[in-house]
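The numbering of the sequence shown is the working numbering, which starts it at 112 and goes up by one.
Cβ atoms here follow ideal geometry from the backbone N, Cα and C, with glycine treated the same way.
Keep in mind it's a predicted model, so treat the numbers as computed, not measured.
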Amino acid sequence: MKPAVIIAISGLLGGPAAEAADLATVTVSAQPEHAVYAATGVIEAVRQGVLAAQVSGRIAEVLVRNGDAVKAGQPLLRIEAGDSADAVTASSATARGAAARLESARADFERAQRLRTADYISMAALQRAEAAWHSAEAEAQASAAQARAAQTRAAWHTVTAPYAGHVMDLWVSAGDLAAPGKPLLGLYDPAALRVIAQLPESLAERVDKGGIARLAVGAAAPLAVASWRAISAVDAASHSVEVRAELPAGSRFTPGQFVQLQVPLRDVGPEIRIPLSAVVRRSEVAGVYVVDDRGTPRLRQLRLGPVRDNSVSVLSGLRSGERVALDPVVAGRR
């Protein structure tokens, strides 16, 4: 990107010839200006993801629709449980049986301790009672772990929201077959949004990391973004650096929306800017009417830079001291 161009308005009438022709003009001059690079960015949620199935089965019920707002932990859809309920019942019964045997083994060991104190049993008998107690304890722990695992697997048949957010994509309906890893729906949290934009590799060293970036959408006034950063890595395919800007809470944007991120740059020389009203566009070509010393306006093609407020920077096509017609419609009739 070349240094931006700021325009100074020296007068509405460019000189005697312009006064005679009654054509309003401005004289452009390069002035020092803090430049920015306007990059096209995309809004995305900081927390967003795709929820997938963890078990196989037929989808029994879809509880949400695309665009619905959901709470953390809210059920989103259910998958047929099959024999998972029976597995939970069986493992829970096994765990209760192991717990009962553990209590019996503990009681036997305590009784053996008292008998050994009274010298009614041998040391070997006490050691056998202690071993039986520890064995029952290990069995109870294993059975309890199996019961918890069965309950966890059974819970996989109900897909819940990991955080509060909005459903942005729904790829399945009741009756579809779910399989481990198969995407079911997309979810994003609208409370935290950011902009992802790409900056040319050549400008990476000129980024003013202490400056304030601005977010421009349509004709609305740019929104100041204080929290932003440029990633210290260059993409080998696009030769660009990724810039991430965190949006303030409550920003009225949606993921996927295109915006313009104005990134501040350092070490900027003079630049020329002209009013947006002076620019005339013909198809993909932008230009202005340059008025010569005799007051004759001539259309000249320009290469324009970022837009800020009601002016646009000129990257090439104009020199300091030249006069530009403020009203291209009037100038085009001359």
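{"Asked": "A253 versus R239 - alpha carbon distance", "Found": "21 Å"}
{"Asked": "Straight-line Cα distance separating P381 from A141", "Found": "5 Å"}
{"Asked": "DSSP three-state assignment for F220, whether helix, strand or coil", "Found": "helix"}
{"Asked": "CB of A436 within 9 Å of CB of A389, strictly", "Found": "yes"}
{"Asked": "Bridge partner(s) assigned by DSSP for Y400", "Found": "L410"}
{"Asked": "Among T365, P417 and G367, nearest to L387 - alpha-carbon criterion", "Found": "P417"}
{"Asked": "Identity of the residue in E395, A315 and A327 nearest S343 by Cα", "Found": "A315"}
{"Asked": "Which of helix, strand or coil DSSP assigns to P381", "Found": "strand"}
{"Asked": "With 16 other Cβ atoms within 10 Å as the buried cut-off, status of Q447", "Found": "Any answer about residue 447 is impossible in this case: the structure gives the chain only from 112 up to 445."}
{"Asked": "For L415 and D398, the rounded distance between their alpha carbons", "Found": "The residue you asked about is not Asp; residue 398 is Gly in the sequence shown. Roughly 9 Å between the two C-alpha positions."}
{"Asked": "CB-CB length for R384 against S427, believed under 8 Å", "Found": "Not really, about 14 Å apart at Cβ, beyond 8 Å."}
{"Asked": "Whether G276 touches A180 by CB criterion (9 Å)", "Found": "yes"}
{"Asked": "Length of the line joining the Cα atoms of S431 and R158", "Found": "49 Å"}
{"Asked": "Complete runs of the alpha helix (DSSP H) confined to the region 126-203 [at least 4 residues]", "Found": "127-132"}
{"Asked": "Between the CA atoms of A266 and A196 - distance to the nearest angstrom", "Found": "10 Å"}
{"Asked": "Cβ pair T151, R434 closer than 9 Å", "Found": "no"}
{"Asked": "The region 217-236 touching the region 194-208, judged by at least three CB pairs closer than 8 Å", "Found": "no"}
{"Asked": "When V425, R393, L429 and P366 are compared against V451, the one with the closest alpha-carbon", "Found": "Residue 451 is absent from the structure shown; the chain starts at 112 and stops at 445."}
{"Asked": "Segment contact flag, the region 166-186 with the region 370-378, C-beta cutoff 8 Å, min 3 pairs", "Found": "no"}
{"Asked": "Status (buried if at least 16 other CB within 10 Å, exposed otherwise) for D230", "Found": "exposed"}
{"Asked": "For R325 and V306, the rounded distance between their alpha carbons", "Found": "11 Å"}
{"Asked": "6 Å CB neighbourhood of G184 in its chain, flanking five on each side removed", "Found": "T271"}
{"Asked": "Bounding residues of the alpha helix (DSSP H) (the contiguous stretch that carries P375)", "Found": "Unbroken run through P375 is the beta strand (DSSP E), F369 to P375; no alpha helix (DSSP H)."}
{"Asked": "N- and C-terminal bounds of the alpha helix (DSSP H) containing V440", "Found": "P439 to G443"}
{"Asked": "Reduced DSSP secondary structure (H/G/I, E/B, other) of A260", "Found": "helix"}
{"Asked": "With 16 other Cβ atoms within 10 Å as the buried cut-off, status of G122", "Found": "Confidence in G122 is poor, its pLDDT being 40 and thus under 50, which makes the residue's placement unreliable; the coordinate value appears in the next sentence. So G122 ends up on the exposed side."}
{"Asked": "Sequence-distant residues of its chain with Cβ nearer than 8 Å to A255 (five each side left out)", "Found": "A206, A209 and A210"}
{"Asked": "Rounded separation between G193 and V354 - CA only", "Found": "48 Å"}
{"Asked": "CB of L263 within 9 Å of CB of R189, strictly", "Found": "It should be pointed out that residue 263 corresponds to Thr in this sequence rather than to Leu. Cβ distance not < 9 Å, so T263 and R189 don't count as in contact."}
{"Asked": "Cβ-based burial, A61 [other Cβ within 10 Å; buried from 16]", "Found": "Lying before the first or after the last residue shown, residue 61 is absent from the chain, which here runs from 112 to 445."}
{"Asked": "For F364 and A442, the rounded distance between their alpha carbons", "Found": "40 Å"}
{"Asked": "Of the residues V318, Q368 and L304, the one placed nearest S351, counting alpha carbons only", "Found": "V318"}
{"Asked": "Expected contact under 8 Å - CB spacing of V374 and V328 to nearest Å", "Found": "In fact, because the Cβ distance is near 16 Å, the residues do not count as touching under 8 Å."}
{"Asked": "Buried/exposed call for W282, threshold 16 Cβ in 10 Å", "Found": "exposed"}
{"Asked": "Contact set for A258: own chain, Cβ-Cβ below 6 Å, skip 5 residues either direction", "Found": "S202, S203 and A206"}
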